[in-house]
Amino acid sequence: MESPEGDLLLVNESGVAYRVNESVVAVWSFFEDRTVEEVVTELSNELGIEPTEIREAIKGLTEQLLEAELLG
């Protein structure tokens with residue numbers, strides 16, 4: 017979703033919107049029926065980097081998405 021100003025937004029089930037960037041949306045979209053490790057593996061394969069290079073960042077983002085109720 018986009019705001020009237022063109023910002024990317026993710027909206028949780030309570031209707032609270034969070035302004036995010038394209039990278040967050042890209043990672044968020046990988047989570048459908050996947051675990052954190054599956055997302056790390058898939059992203060590392062897609063980006064051509066080692067899972068250890070992104071694991072902590074993905075875990076941190078996952079915690080933020082869960083806290084914002086954007087992942088279930």
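Quick note: the sequence shown uses this note's numbering, first residue 17, plus one each step.
Note that the Cβ used here is the ideal one computed from N, Cα and C, for glycine as well.
If you compare the alpha carbons of E29, L63, P67 with that of L82, the shortest gap goes to E29. Within the same chain, and ignoring the five residues on either side of W44 in sequence, the residues whose Cβ sits closer than 7 Å to its Cβ are L26, L81, L86. DSSP places L26 in the uninterrupted beta strand (DSSP E) bounded by 24-27. Shown here for I70: same chain residues with a beta carbon closer than 7 Å to its own, the five before and five after excluded, namely V56, L59, S60 in chain order. Non-local C-beta neighbours of E48 in its own chain, meaning closer than 8 Å and more than five positions away in sequence, are absent.
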